[in-house]
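Engineer: Numbering (the working numbering), first residue to last: 36 to 487. Sending over a structure as structure tokens; questions will come in a sec.
Written out as structure tokens, the structure is:
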């Protein structure tokens, strides 16, 4: 959450209250999501020196509830030789790394070292380790870094988890320009063995980044489960520009295999949802957060004193659609306070309804249209404030509803400059940024008369 003084800043009405935003810097991918001793930690890509991408480092924020965020000091800072790119954090409960102290399980970060011109490794990316024994307040980098180097220029974004069946740590990372996920195993987070490679599949229009791999039970099918591989794509997303894709399959501790017919689905069909990854150490609960922006125009979004927001945290589960396919469903963690606009409504089968969101004065309309006859959901942000700051800022977004001819439940959440729309129990999610001249505070739902 923003600091109290930030409410008096220029463009304060655009700053969300429940979606995390940095106090006064650039931000992109979420990193190192972890629950530790009752506190949620969100690390993130940031430029500590400005509002544009560069000097990449790990920022840090904490929350007791995934809604109220406190920004902390920079966790991992860039140097003249090394930029700190994306990665993950795990709780090393059994101290397999040997980095714990006084019986305390360390937090261990695996991140990408992007080597700069001053480094003898210039032009390459490799995976490095840092650890904390004081609940993430301070970090030490490992003297043996990098711990995993393929000699590649585009090997990045390690996501690490413990695999009980194998009795080892598993890392998924990407060879970004080859559109491949590479899978490694380690007994101690320091020595890594290559196991397998997956891809390409689905969208390959842009670089692959920020993978994640996790197992979920299938809701309504006792004993059934599947694995979900998440990959973000830098271009070719569902609404243009970047997006986040997932594939349902199986993982045997060595190899990920897509289920028959699985070619990749979009985690969010909106224009502003990227690099979504899940928290470590949450038990049976699987919670994800994404970056609520788009590489096509992220550096030009019109927020004068900060840049970018995260999505709401989302609980995810697997359920079977009417077509028999397994699909992720997402449910946002919602604030109970009245200062975040929320509206639920249902569009009965055979009808069309619109939700129009405006300022208190009825201006800057954002229109969400749900058409159960044509099976379409449409978000029109063309008249909602500044929509012309960049030509790749798509004014109208349309998506097919996963099911036709049924009642469609819809949840709309508006928080500053971020709008999230969920339909059909979260089988469809759509995230979009808007930049109205004043706060959006009113929602009017109307039924559209059928065409004569």
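C-beta: ideal position from N, C-alpha, C; glycine also.
Judging by CA-CA distance, which residue of 251, 267, 266, 62 is the nearest neighbour of residue 260?
Structural biologist: Within the chain shown, residue 260 is the residue found at index 225, counting from 1. For the residues 251, 267, 266, 62, the minimum Cα distance to residue 260 belongs to 251.
Engineer: Between residue 185 and residue 120, is the Cβ-Cβ spacing less than 8 Å?
Structural biologist: Residue mapping note: residue 185 aligns to position 150 of the chain shown, counting from 1. Residue mapping note: residue 120 aligns to position 85 of the chain shown, counting from 1. No, these two residues do not count as a Cβ contact at 8 Å.
Engineer: What are the boundary residues of the beta strand (DSSP E) that includes residue 215?
Structural biologist: In the chain shown, the residue the question calls residue 215 occupies position 180. That run of the beta strand (DSSP E) goes 215-221.
Engineer: Are the CB atoms of residue 325 and residue 488 within a distance shorter than 8 Å?
Structural biologist: It is not possible to answer for residue 488, since the shown part of the chain is limited to 36 through 487.
Engineer: Any idea what DSSP makes of residue 416, helix, strand or coil?
Structural biologist: On the chain shown, residue 416 is found 381 positions in, with the first residue counted as 1. Coil.
Engineer: What separation, rounded to the nearest whole angstrom, lies between the Cα atoms of residue 79 and residue 485?
Structural biologist: Working through the chain shown from its first residue, we reach residue 79 at position 44. Working through the chain shown from its first residue, we reach residue 485 at position 450. Looking at the two C-alpha atoms, the distance is approximately 47 Å.
Engineer: Please determine if the segment 392-407 and the segment 416-434 are in contact, where contact requires at least 3 C-beta pairs separated by less than 8 Å.
Structural biologist: Cβ pair count under 8 Å is three or more, so yes.
Engineer: In this structure, what does DSSP give as the bridge partners for residue 65?
Structural biologist: Residue 65 sits at position 30 when you count from the first residue of the chain shown. Looking at the DSSP assignment, residue 65 forms a beta bridge with 79.
Engineer: Would you kindly work out how many angstroms separate the C-alpha atoms of residue 301 and residue 316, rounded to a whole number?
Structural biologist: The residue labelled residue 301 in the question sits at position 266 within the chain shown. The residue labelled residue 316 in the question sits at position 281 within the chain shown. In a straight line, the C-alpha of residue 301 is about 25 Å away from that of residue 316.
Engineer: Is the Cβ-Cβ distance between residue 270 and residue 240 less than 8 Å?
Structural biologist: By 1-based counting over the chain shown, the position of residue 270 is 235. By 1-based counting over the chain shown, the position of residue 240 is 205. For residue 270 and residue 240, yes; Cβs fall inside 8 Å.
Engineer: Just to confirm the assignment: which complete beta strand (DSSP E) runs, minimum length 3, are found wholly within the segment 206-262?
Structural biologist: 215-221, 228-233, 243-252
Engineer: What is the C-beta distance between residue 481 and residue 388, in whole angstroms, given that I count them as a contact (C-beta under 8 Å)?
Structural biologist: Residue mapping note: residue 481 aligns to position 446 of the chain shown, counting from 1. Residue mapping note: residue 388 aligns to position 353 of the chain shown, counting from 1. Confirmed, about 7 Å.
Engineer: Opposite residue 165 in the DSSP bridges: which residues?
Structural biologist: The sequence position of residue 165 within the chain shown is 130, counting from 1. Partner(s): 144, 176.
Engineer: So, is residue 303 buried or exposed, given that buried needs 16 or more other C-beta atoms within 10 angstroms?
Structural biologist: Position 268 of the chain shown, counting from 1, holds the residue named residue 303. Looking at its Cβ environment, which holds 16 or more other Cβ atoms inside 10 Å, residue 303 is buried.
Engineer: Looking at residue 237 and residue 264, is the spacing between their C-beta atoms short of 8 Å?
Structural biologist: Your numbering for residue 264 matches position 229 in the chain shown. Your numbering for residue 237 matches position 202 in the chain shown. It is not a contact, given that the beta carbons lie outside the stated cut-off.
Engineer: Classify residue 266 as buried or exposed, calling it buried when 16 or more other Cβ atoms lie within 10 Å of its own Cβ.
Structural biologist: As a first step, residue 266 is located in the chain shown; it is residue number 231 there, counting from the start. Within a 10 Å sphere around the beta-carbon of residue 266 sit 16 or more other beta-carbons, which makes this residue buried.
Engineer: Any Cβ of chain B within less than 8 Å of the Cβ of residue 122?
Structural biologist: Considering every chain present, this structure includes no chain B. It has just one protein chain.
Engineer: Quick check on residue 229: buried or exposed, where buried means 16 or more other Cβ atoms within 10 Å of its Cβ?
Structural biologist: In the chain shown, residue 229 corresponds to position 194, counting from 1. Result: exposed.
Engineer: So, using beta-carbon positions, are residue 455 and residue 343 closer together than 8 Å?
Structural biologist: Locating residue 455 in the chain shown gives position 420, where the first residue counts as 1. Locating residue 343 in the chain shown gives position 308, where the first residue counts as 1. Not closer than 8 Å, so no.
Engineer: What three-state label does DSSP hand residue 335 in the structure shown?
Structural biologist: As a first step, residue 335 is located in the chain shown; it is residue number 300 there, counting from the start. Helix at residue 335.
Engineer: Taking the straight line between their C-alpha atoms, what separation do you get for residue 278 and residue 137?
Structural biologist: Here residue 278 is taken as the residue at index 243 of the chain shown, counted from 1. Here residue 137 is taken as the residue at index 102 of the chain shown, counted from 1. One C-alpha to the other measures close to 43 Å.
Engineer: Hey, how far is the Cα of residue 372 from the Cα of residue 452?
Structural biologist: As a position in the chain shown, residue 372 is number 337, starting the count at 1. As a position in the chain shown, residue 452 is number 417, starting the count at 1. C-alpha separation (whole angstroms): 17 Å.
Engineer: Apply the 10 Å Cβ neighbour rule to residue 475 and answer buried if 16 or more other Cβ atoms are within range, or exposed otherwise.
Structural biologist: As a working note, residue 475 is residue 440 in the chain shown. Per the 10 Å Cβ criterion, buried.
Engineer: Go ahead and pull the three-state DSSP assignment for residue 50.
Structural biologist: Within the chain shown, numbered from 1, the residue matching residue 50 stands at position 15. Coil at residue 50, not helix or strand.
Engineer: Candidates 59, 469, 226: which alpha carbon is nearest residue 133's?
Structural biologist: Position 98 of the chain shown, counted from the first residue, corresponds to residue 133. Relative to the Cα of residue 133, the nearest Cα in the group 59, 469, 226 belongs to 226.
Engineer: Which residue wins for smallest C-alpha separation from residue 117, given the options 307, 160, 483, 193?
Structural biologist: Locating residue 117 in the chain shown gives position 82, where the first residue counts as 1. That would be 160, whose Cα lies nearest to the Cα of residue 117.
Engineer: Could you tell me the alpha carbon to alpha carbon distance between residue 103 and residue 155, rounded to whole angstroms?
Structural biologist: Within the chain shown, residue 103 is the residue found at index 68, counting from 1. Within the chain shown, residue 155 is the residue found at index 120, counting from 1. Straight-line Cα distance between these residues: approximately 42 Å.
Engineer: Using only the alpha-carbon positions, how far apart do residue 183 and residue 46 sit?
Structural biologist: Taking the first residue of the chain shown as position 1, residue 183 is located at position 148. Taking the first residue of the chain shown as position 1, residue 46 is located at position 11. Each residue's Cα considered, the two are about 43 Å apart.
Engineer: Could you tell me which residues DSSP puts in a beta bridge with residue 403?
Structural biologist: Against the chain shown, residue 403 aligns to sequence position 368. Answer is 390, 414.
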